[in-house]
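In the working numbering, the protein residues as written are 500 to 902.
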């Protein structure tokens, strides 16, 4: 297999001697990934902080006299204006719509009297609130006011009934500080299972797609492949060397993306409320992840390779590869929106999709040995079959010389 080794080394040297290739495959992904996720984390934290620090502008009509005392936690930190009982609400509603006012609250005119004189069968006083959920400040003001209003409601109930314990039938987890029982590693894996399989499958294919079309179709178009085919090296060895080199480069490119993601992801996790997420992998998980990524890279290289072999130009190859790319994207999307477990056995026999769900179940520690073997076996089998077709195509003068 000296010929295969020679072609393999030649392809790697071709890439690593090209500064543009190195930049696009290994440097640009890191810059983009770290930059994007760092920016997401920064903007998310800044938006959350701005919302918390914002002084809510609130208009209240018919405010009861005792409201300020019971709702001091909200009234004290908001910019509150009080509307007269006969004042129209249209201007205030327009201000909410335009984002100039955060919240409008309307109490019944005789709210305090209705509370004090309430008898069974009387209508229950209704407090109306108006806010704009598309504005973060308005939504936050509404949530804060509603929380504070619950305290005011309990105070009025206590005045009416005396002891609120008389109407409290039971509580939920008031004395239980350990109600959450979970596997922290699995809980953290749920997030990774939604995101990483999608990214791995797409990024792995993206790297293979650009490299494969240039390595095979590009050399056919430039005429360099024709001179290689007339050397003493067998065409099978040429095909195998090119495919192995493509697989190595695509795995390296995807690995750079994944490493960049793991470095930059914690920067954006705080804005998602998961800053304490910890991820650990066992040796078995690492082996399974590596095996699936290698098998998937082999399949991708074979698929892109066979398209590149039959295409006459790089432009034609790119148009042929696009439908494959769409299939990969759809398979990744299915893993994002589908449950991370409970997949039917036949799903592990569907190439590409099976690798996505297997990766997801590795992160959640739910992948069985049988399903892992099925996923790995079918992926390698399909990749091997396509590789055999590529090797046969390399022996065809009509195909390789665009005759």
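For every residue, glycine included, the Cβ atom is placed at its ideal position computed from N, Cα and C.
- DSSP places residue 596 in the uninterrupted alpha helix (DSSP H) bounded by 589-596.
- Between the stretch 860-875 and the stretch 781-800 there are three or more inter-stretch CB-CB distances shorter than 8 Å, so the stretches are counted as touching.
- Of all alpha-carbon atoms in 710, 817, 716 and 734, the one lying nearest the alpha-carbon of residue 513 is that of 710.
- Taking C-beta separations shorter than 6 Å and ignoring five residues to either side along the sequence, the partners of residue 640 in its chain run 555, 601 and 602, following chain order.
- Taking a 10 Å sphere around the C-beta of residue 560, we find 16 or more other C-beta atoms and assign the residue as buried.
- A distance below 8 Å separates the beta carbons of residue 746 and residue 800.
- For residue 810, same chain residues with a beta-carbon under 7 Å away, outside a window of 5 residues either side, are 716, 816 and 819 in chain order.
- Ranked by Cα distance from residue 897, the options 625, 655 and 719 are led by 719.
- Counting only the Cα atoms, residue 646 lies some 10 Å from residue 570.
- The C-beta distance from residue 831 to residue 750 rounds to 17 Å, too long to meet the 8 Å contact threshold.
- Using a C-beta cut-off of 8 Å, the stretch 623-635 makes contact with the stretch 585-604, since at least three inter-stretch Cβ pairs fall below that distance.
- Of 742, 858 and 558, the smallest CA-CA separation from residue 593 is found for 558.
- Taking 8 Å as the cut-off, the beta carbon of residue 877 is found no closer than this to the beta carbon of residue 502.
- Taking C-alpha positions only, residue 565 is separated from residue 552 by approximately 26 Å.
- Rounded to the nearest whole angstrom, the C-alpha separation of residue 756 and residue 865 is 25 Å.
- Between residue 834 and residue 856, the C-beta spacing is below 8 Å.
- Annotation for residue 889: 738, 804, 805 and 808 place their beta carbon closer than 6 Å to its own, counting only its chain and skipping 5 residues before and after.
- The Cβ atoms of residue 507 and residue 724 lie no closer than 8 Å to each other.
- In its chain, beyond the 5 residues on either side, 873 and 877 have a beta carbon closer than 7 Å to the beta carbon of residue 848.
- Counting C-beta atoms within 10 angstroms of its own C-beta, residue 522 has fewer than 16 neighbours from the protein chains shown and is therefore classed as exposed.
- About 18 Å separates the beta carbon of residue 882 from that of residue 696, a gap too long to meet the 8 Å contact definition.
- In the same chain as residue 680, and ignoring 5 residues on each side of it, no C-beta atom comes closer than 8 Å to its own.
- Residue pairing of residue 628 in beta bridges, as defined by DSSP: 604.
- Between the beta-carbon of residue 505 and that of residue 740 there is about 7 Å, and that keeps the pair under the 8 Å contact cut.
- Excluding the 5 residues flanking it on each side, residue 666 has same chain C-beta neighbours closer than 8 Å at 656 and 660, in chain order.
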